[in-house]
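Colleague: Residue numbers (our numbering): 14 to 305.
I have a structure I would like to understand better, so I am pasting it below and will then ask my questions one at a time.
As structure tokens, this is what we get:
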């Protein structure tokens with residue numbers, strides 16, 4: 014029976030060669046495009062997985078009254094991370110991360126504008142997982158005259174040479190010593206290039222650090238704490254921090270939800286599209302394979 018069906022199929026293929034070729038080519042093209050799309054979507058949905066503590070990391074955001082509504086904003090005040098780490102036993106560690114910006118450095122007698130640059134604390138490398146290509150991340154950024162580079166930025170400035178121990182001259186900060194180079198980050202919402210100590214961050218004159226929200230705050234929950242306990246603790250802490258309920262409420266966002274699911278205002282680290290695009294692409298894949 015099978016041999017008979019195969020024989021008939023081969024005769025039809027020989028009789029309609031052009032039609033068969035078009036069908037096979039269409040199927041092959043649909044499968045190739047589908048595989049590319051599926052790999053892209055898989056990469057999107059696996060964001061943050063390289064971080065060992067992915068299920069214990071949360072970003073703190075603020076909801077504050079605006080025209081009779083609560084507006085969710087990604088940015089928080091500078092001292093918040095320090096205060097949460099000091100006052101809440103449910104939290105193992107915290108970190109403040111500035112928004113990405115550009116910096117000017119002098120290289121081979123020329124000024125180069127490099128980005129993205131972030132200012133943060135030494136706890137950054139405890140909370141998030143990044144691999145060191147050279148140097149040591151233990152104690153990185155504790156020296157206020159130090160800097161950490163990604164492999165891409167290191168290659169741009171030093172080509173194939175190891176930059177650890179060498180200095181870079183910054184227009185605003187002078188000479189900073191490179192203490193580590195990390196592998197280029199992948200599958201994370203953190204788009205890194207130059208990582209600078211928070212001690213070098215220049216606050217505007219008369220800047221109210223406690224009440225002005227201009228930073229990203231992340232917390233690492235204790236090993237035995239769940240999301241609900243962290244959420245309740247941080248929401249209750251809002252009134253302690255502000256001294257009033259009128260300034261708004263602090264809430265948490267799981268790390269996994271930042272890239273595709275964030276709907277916060279002033280969120281400069283989320284994807285430039287939402288998860289709907291990924292679902293649309295999956296629909297396209299299903300349609301192409303069905304038609305093929």
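Ideal Cβ positions, reconstructed from N, Cα and C, are used throughout, including at glycine.
1. Using only CA atoms, which one of 291, 192, 234, 260 lies nearest to residue 207?
2. Give, in chain order, every unbroken run of the alpha helix (DSSP H) that is at least 4 residues long and sits entirely within the region 52-99.
3. Taking Cβ to Cβ, would you say residue 146 is nearer than 8 Å to residue 165?
4. Return the chain-ordered list of same chain residues with a C-beta closer than 6 Å to the C-beta of residue 138, the five sequence neighbours on each side being excluded.
5. Could you compute how far the alpha carbon of residue 57 sits from the alpha carbon of residue 199?
6. Once you ignore the five residues that flank residue 288 on each side, which residues in its own chain have a CB closer than 7 Å to its CB?
7. Let me make sure I understand the geometry here. Which of 296, 268, 284, 285 has the alpha-carbon closest to that of residue 73?
8. Taking residue 238 as the reference, which of 55, 70, 293 has the closest Cα?
9. Do residue 87 and residue 229 count as a contact pair if the criterion is CB distance below 8 Å?
10. Is the beta carbon of residue 115 sitting closer than 8 Å to the one on residue 126?
11. Got a sec, what are the start and stop residues for the beta strand (DSSP E) residue 187 sits in?
12. Can you find the residues in the same chain that come closer than 7 Å, C-beta to C-beta, to residue 67, ignoring five residues on each side of it along the sequence?
13. At a cut of 8 Å, does the region 93-106 reach the region 282-299 through at least three beta carbon pairs?
14. Any idea if residue 162 is buried or exposed, counting beta-carbon neighbours within 10 angstroms, 16 or more meaning buried?
15. Let me know if residue 256 comes out buried or exposed under the rule of 16 or more other beta-carbons within 10 Å of its beta-carbon.
16. State the DSSP-derived secondary structure class of residue 299, mapped to helix, strand or coil.
17. With distance defined between alpha-carbon atoms, name the residue in 36, 241, 121, 140 nearest to residue 231.
18. Run through the DSSP bridge pairs and tell me what residue 124 is partnered with.
Modeller: This is what the structure holds:
1. Translated into the one-based positions of the chain shown, residue 207 becomes position 194. The residue with the shortest Cα to Cα distance from residue 207 is 192.
2. none
3. Along the chain shown, one-based indexing puts residue 146 at 133. Along the chain shown, one-based indexing puts residue 165 at 152. Result no, Cβ atoms of residue 146 and residue 165 do not sit closer than 8 Å.
4. One-based indexing of the chain shown puts residue 138 at position 125. Closer than 6 Å at Cβ, skipping near neighbours: 150, 153.
5. Mapped onto the chain shown, residue 57 falls at position 44. Mapped onto the chain shown, residue 199 falls at position 186. Going by the C-alpha atoms only, they are around 11 Å apart.
6. In the chain shown, counting from the first residue as 1, residue 288 sits at position 275. Around residue 288: 273, 274.
7. Taking the chain shown and counting its residues from 1, the one referred to as residue 73 is at position 60. It is 268 whose Cα lies nearest to the Cα of residue 73.
8. Walking along the chain shown from the start, residue 238 turns up at place 225. The shortest Cα separation from residue 238 among 55, 70, 293 belongs to 70.
9. Here residue 229 corresponds to residue number 216 of the chain shown, with the count starting at 1. Here residue 87 corresponds to residue number 74 of the chain shown, with the count starting at 1. Closer than 8 Å, so yes.
10. For the purposes of this step, residue 115 is taken as the residue at position 102 of the chain shown. For the purposes of this step, residue 126 is taken as the residue at position 113 of the chain shown. Yes, Cβ-Cβ distance for residue 115 and residue 126 is below 8 Å.
11. Translated into positions along the chain shown, residue 187 becomes position 174. It spans 187-195 - the beta strand (DSSP E) in which residue 187 sits, taken as one unbroken run.
12. Within the chain shown, numbered from 1, the residue matching residue 67 stands at position 54. So the list reads 61, 268, 269, once near-sequence residues are dropped.
13. no
14. Position 149 of the chain shown, counting from 1, holds the residue named residue 162. Buried, since its Cβ has 16 or more Cβ neighbours within 10 Å.
15. Here residue 256 corresponds to residue number 243 of the chain shown, with the count starting at 1. The residue in question, residue 256, is exposed, as its Cβ has fewer than 16 Cβ neighbours within 10 Å.
16. The count along the chain shown starts at 1 and reaches residue 299 at position 286. If DSSP states are grouped into helix, strand and coil, residue 299 belongs with the helices.
17. The residue given as residue 231 occupies position 218 in the chain shown. For residue 231, the nearest C-alpha among the options comes from 140.
18. Counting from one through the chain shown, the residue named residue 124 turns up at place 111. Beta-bridge pairing links residue 124 to 119.
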